[in-house]
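The block underneath contains the structure these notes are about, expressed in structure tokens.
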Amino acid sequence: MPPSTTAVPAVSNDVDPTVWKAIAGNSVEIPTVGTRVYYFPQGHAEHANCGSPIFLSSLIPPFILCRVLSVRFLADSVTDEAYAKIFLLPINQSEDNNNVAVNMNGDVEDAENEVVSFVKILTPSDANNGGGFSVPRFCADSIFPRLNFVAEPPVQNLSIRDIHGCVWEFRHIYRGTPRRHLLTTGWSKFVNSKKLVAGDSAVFARKTNTGELYVGVRRATRGNDICERWNSTVLRSTEQTSSGGEVRWRTGQGRVATEAIVEAAEMAARGMAFEVSCYPRAGWADFVVRAEAVEASSTVFWTVGMRVKMAVETEDSSRTACFQGTVSSVNLPQSGPWRGSPWRMLQVSYDSVAIC
């Protein structure tokens, strides 16, 4: 059946932070209100909705220390992807942590509002707009209400909200040889509406205190191999080939208006409060980073040949894979508009096999 809400609102409504976190991914880190972060204008510019590079004023510093004033958890009305709007205020290095009044509504942690979730990467059969969705048994057991297995066949109707609050009706049935869980009626309409393709992920979530069900999507990215998404050669190839609307969905580009990026960078350089939109995507570097992480990395003497390790959440969120790599290049610009910028200072070639 079609959703009971006829259209997604043009203006984004706030999403429950715990539901947002489940749909965005457990490895996604959005800084909490009141914390110190560094804003990197170069990284922000990589998320522009234009095919050519953005040229920012040479007066804009490569990184700016800020404090998080507020966080809004939202959903893109076109792609259904979770994103956050973060309001930042530039501060001095020596500024006292207690000098700024903050809005604490941005915190995600809420022990009384726990959400359990399950992620499945869609197969060609799942993404077929005339078919159904094969539900993994763990998802059926941990997310959906228990079926009445005395009935023949065991079947139930599910009302599930998407990230915008629209309600979708699905028929959940246990049938076949061998028997398996399926979503049948309602699934093809969902696939068509969300423009899902094989490789995208469906996220099913349940609030433990209310039993409310949610469904979200994560768009497939270029480069199916986990560590490949972080290798410097793959990143350069992706940047060169991304063009057109849906292609940019799947490379992490095309979300943010160029004008918004330029305005944010210029306001930050003038010491004025500004807002950024962050679309968390696997394989794309954060441009708002915890100050402690940046300051710790700046104390390391990076050299070519140094071995490094990184933990990466798999696409289906089933585990965290650890990869080792070798630093192949260290480049801290000594001239030009981004002199002294640490952004993409390191190029790393990651091993193809996970170590954990």
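For the sequence shown, position 334 (counting from the first letter as 1) is numbered 338 according to this note's numbering, and the numbering increases by one without interruption.
Note that CB positions come from ideal geometry on N, CA and C, so glycine has one too.
Values in this document were obtained by computation on a predicted structure and should not be read as measured data.
* Return the first residue and the last residue of the alpha helix (DSSP H) that C143 is part of. => 141 to 146
* Hey, is the stretch 72 to 80 in contact with the stretch 325 to 335, meaning 3+ C-beta pairs nearer than 8 Å? -> Result no; under three Cβ-Cβ pairs closer than 8 Å.
* **First and last residue of the uninterrupted beta strand (DSSP E) at S129** => Note, S129: premise wrong, no beta strand (DSSP E); not H, not E.
* Rounded distance between the beta-carbons of T307 and V334, thought under 8 Å -> 7 Å
* Quick one: any contact between the stretch 130 to 138 and the stretch 191 to 207, if contact means 3 or more CB pairs under 8 Å? -> yes
* **Closest residue to D84 among D204, A325, G190, T127 (Cα-Cα distance)** => For the residues D204, A325, G190, T127, the minimum Cα distance to D84 belongs to D204.
* How should D20 be labelled, buried or exposed, when 16 other C-beta atoms within 10 angstroms of its C-beta is the threshold for buried? -> buried
* Asked: Secondary structure at E317, three-state DSSP: helix, strand or coil?
  -> In this structure, DSSP gives E317 an extended state, which the three-state scheme calls strand.
* Asked: So, using beta-carbon positions, are F208 and P45 closer together than 9 Å?
  -> no
* Asked: Looking at T39 and V72, is the spacing between their C-beta atoms short of 9 Å?
  -> Their beta carbons are under 9 Å apart, which means V72 touches T39 by this criterion.
* Asked: Assuming V119 and T181 make a contact with CB atoms under 8 Å, what is their CB distance in whole Å?
  -> At roughly 34 Å, the Cβ-Cβ gap does not stay under 8 Å, so V119 and T181 are not in contact.
* **Among C282, T36, I64, E156, the one whose alpha carbon lies nearest that of A272** => I64
* Asked: Among the residues of its own chain, which have a CB less than 7 Å from the CB of K121, if the five just before and after it don't count?
  -> Note that residue 121 corresponds to Ser in the displayed sequence, not to Lys. Closer than 7 Å at the Cβ level, and outside the excluded window around S121, lie A26, V207, F208, A209.
* Asked: How would you label V357, buried or exposed, when you count the other beta carbons within 10 angstroms and need 16 or more for buried?
  -> exposed
* **CA nearest to the CA of F137, picked from P149, V123, F153** => V123
* Whether F278 touches A268 by CB criterion (9 Å) -> yes
* Asked: Where do the ends of the beta strand (DSSP E) carrying K89 lie?
  -> Segment 86 to 94, the beta strand (DSSP E) holding K89.
* Asked: In chain order, what residues of the same chain have a beta carbon less than 7 Å from the beta carbon of Q97, not counting five sequence neighbours either side?
  -> Within the same chain, Q97 has close Cβ partners L69.
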